[in-house]
Amino acid sequence: MQKIVIIMPAWNEADNISQMIEELVDREFPKIEANMYLLVVDNHSKDQEFEIVKKASETRKNVQIIQQGDKSGLGWAYISGFKYAMEKLNADAVMEMDADFQHPPRFVKPMVEAYLKGASYVIGSRYIKGGSVPQEWAFFRKAVSFFGNLFIRIVLVKPKIHDLTTGFRLTKVKGVLDKIDLDNLMEPGRFAHKVDLLYQCIKNAKKVVEVPLEFAPRVKEKSKFNTKEMVATFKVAIILGLKDKQRFIKFAFVGFAGFIVNFVFLRVFRSLGFAEVLAWAFSTEFAITNNYALNNIWTFREAKIGGFKKTAVKFLQFNATSAGALVIQSVFGPLGVALFGTKYDFLVLAFVVGFMVLPYNYFMYNAVIWKTWKLPFIDKLQKK
Ligand code: GDD
Ligand code: MN
């Protein structure tokens, strides 16, 4: 049977925790076809929380409480919990769940079922059919939650996932959680670490599934989430979003630098008295060389090409792909002008460069030259 450990950070939750254990462990766990375990992670609560859980664990073999260690903040609680679940409890999967009944225990079962059916990452989602946020929330609070979530969804380019800030999730250990460097999560002291975690889990998971969650209002105690936490959450999302596009941004810069080199040297060669054709040919080759060198040491530095022979071969290939770009431009440029008229030549050029040449180059560099994208059919083609 699969062992699933629910990691429940709880801080001054004495008012909630004993009822939570009764509802979750005593009433819900027996309905689930997995080996369920509750791991509460305390942060030296000032109330009776620790004693209450300790006592409950004496009569239940699948309940345990640990302290989160000397670093405070929600992320560290989860990190301690994840490590404990993997190393000490041999969990096959872990769940993130709050102690304050905002994640009603009845929603655990459908999450586990999605996992047992083959999902490696399950998201308890408030923004899909069947899911909801508390009705009693004021309009403003609803709007903040909705638009905050939408913003992160756009920044991270995750149109298929509807709830990126939920705190109710299930993660398979093998291949997903165990591939993540937990000690170096972004903003580990804050709620914001959840965005980094989600981002990495989605990257690792073969199958991501969303299951509806009716997010309940908090009844007892008050929320530990605040504006500072929210700002940090957006910050993490923006950084992750930019990192993802970093290579493309560098590639665009290099392309622009190449354009300048081309333009400047065209004038230089002309002024030196070169024939027009030669001035174009030489300045273009200068631009190509510039682009190859800059991309090699900057854009694709993780895949840098060194050595004389390799450089020679790759540089020739690079020239061939550049010639390909030239062909695209000299076919579709005139075609566009023929269709729309000379009046629109600037738009045609912008379209051909922006939507054809740039994607073509970016693809060729990643797939053929620096091979940062592993595409089996390209390897096969090259062997022939
Ligand atoms: N051990 C520990 N240490 N637990 C903590 C800490 C901490 O520093 N801070 C908060 N917790 C526990 C709380 O006791 C609760 O069980 C859970 O973490 C969530 O905290 P709340 O204070 O209830 O936060 P919330 O309901 O406002 O947060 C909601 O939004 C977050 C961001 O989107 C929930 O949905 C969270 O799950 C979600 O991450
Ligand atoms: Mn809460």
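Residue numbering for the sequence shown follows the UniProt record's numbering, starting at 1 and increasing by one per position.
Where is the CB? At the ideal position from N, CA and C, for every residue including glycine.
query: Distance between residue 238 and residue 155 (C-alpha atoms, nearest Å); result: 6 Å
query: Residues that residue 230 bridges to, as DSSP identifies them; result: Note: residue 230 sits in no beta bridge, so no partner.
query: Whole alpha helix (DSSP H) elements within the stretch 318 to 374, 4-residue minimum; result: 345 to 352 and 358 to 364
query: Continuous alpha helix (DSSP H) assignments of at least 4 residues falling wholly in the stretch 93 to 122; result: 108 to 116
query: Residue burial classification, residue 138 (beta-carbon count within 10 angstroms, cutoff 16); result: exposed
query: Separation of residue 277 from residue 268, as counted between CA atoms; result: 14 Å
query: Limits of the unbroken beta strand (DSSP E) element including residue 37; result: 35 to 42
query: Any non-hydrogen atom of the ligand GDD within 8 Å of residue 96 CB; result: yes
query: Contact test: residue 100 Cβ vs the ligand GDD heavy atom, cutoff 8 Å; result: yes
query: Residue 218 CB to nearest heavy atom of the ligand MN below 8 Å; result: yes
query: Residue range of the beta strand (DSSP E) that includes residue 5; result: 3 to 10
query: C-beta contact flag for residue 14 and residue 48 at 9 Å; result: yes
query: Distance between residue 363 and residue 313 (C-alpha atoms, nearest Å); result: 19 Å
query: Straight-line Cα distance separating residue 347 from residue 265; result: 25 Å
query: Buried/exposed call for residue 326, threshold 16 Cβ in 10 Å; result: exposed
query: Endpoints, the beta strand (DSSP E) within which residue 171 is located; result: 169 to 172
query: Residue interval of the alpha helix (DSSP H) (run including residue 17); result: 14 to 21
query: Environment of residue 459 [buried if 16+ CB atoms lie within 10 Å]; result: Residue 459 is absent from the structure shown; the chain starts at 1 and stops at 384.
query: Per-residue DSSP class, three states only, for residue 128; result: coil
query: Residue from 253, 335 and 176 with nearest C-alpha to residue 206; result: 176
query: Beta bridge counterpart(s) of residue 208 as assigned by DSSP; result: 121
query: Contact between the stretch 243 to 255 and the stretch 119 to 136 (3+ Cβ pairs under 8 Å); result: no
query: CB contact flag (residue 67, residue 167, <9 Å); result: no
query: Whole-angstrom C-beta distance between residue 210 and residue 163, which should lie under 8 Å; result: 7 Å
query: The ligand GDD heavy atom lying under 8 Å from the CB of residue 42; result: yes
query: The beta strand (DSSP E) enclosing residue 64, as first and last residue numbers; result: 63 to 67
query: Own chain, CB closer than 7 Å to residue 357, minus 5 neighbours either side, in chain order; result: 325, 328 and 329
query: Cβ pair residue 279, residue 270 closer than 9 Å; result: yes
query: Helix, strand or coil at residue 214 according to DSSP, with G and I counted as helix; result: strand
query: Classification of residue 273 by the beta-carbon crowding that lies within 10 angstroms, buried from 16 upward; result: exposed
query: For residue 134, the first and last residue of its enclosing alpha helix (DSSP H); result: Looking at the DSSP string, residue 134 is not in any alpha helix (DSSP H), and its letter there is neither H nor E.
query: Cβ-heavy atom distance, residue 223 to the ligand MN, below 8 Å; result: yes
query: The ligand GDD heavy atom lying under 8 Å from the CB of residue 8; result: yes
query: 9 Å Cβ cutoff met for residue 110 and residue 20; result: no
query: Neighbour-count burial assignment, residue 227, 16 or more Cβ in a 10 Å radius; result: exposed
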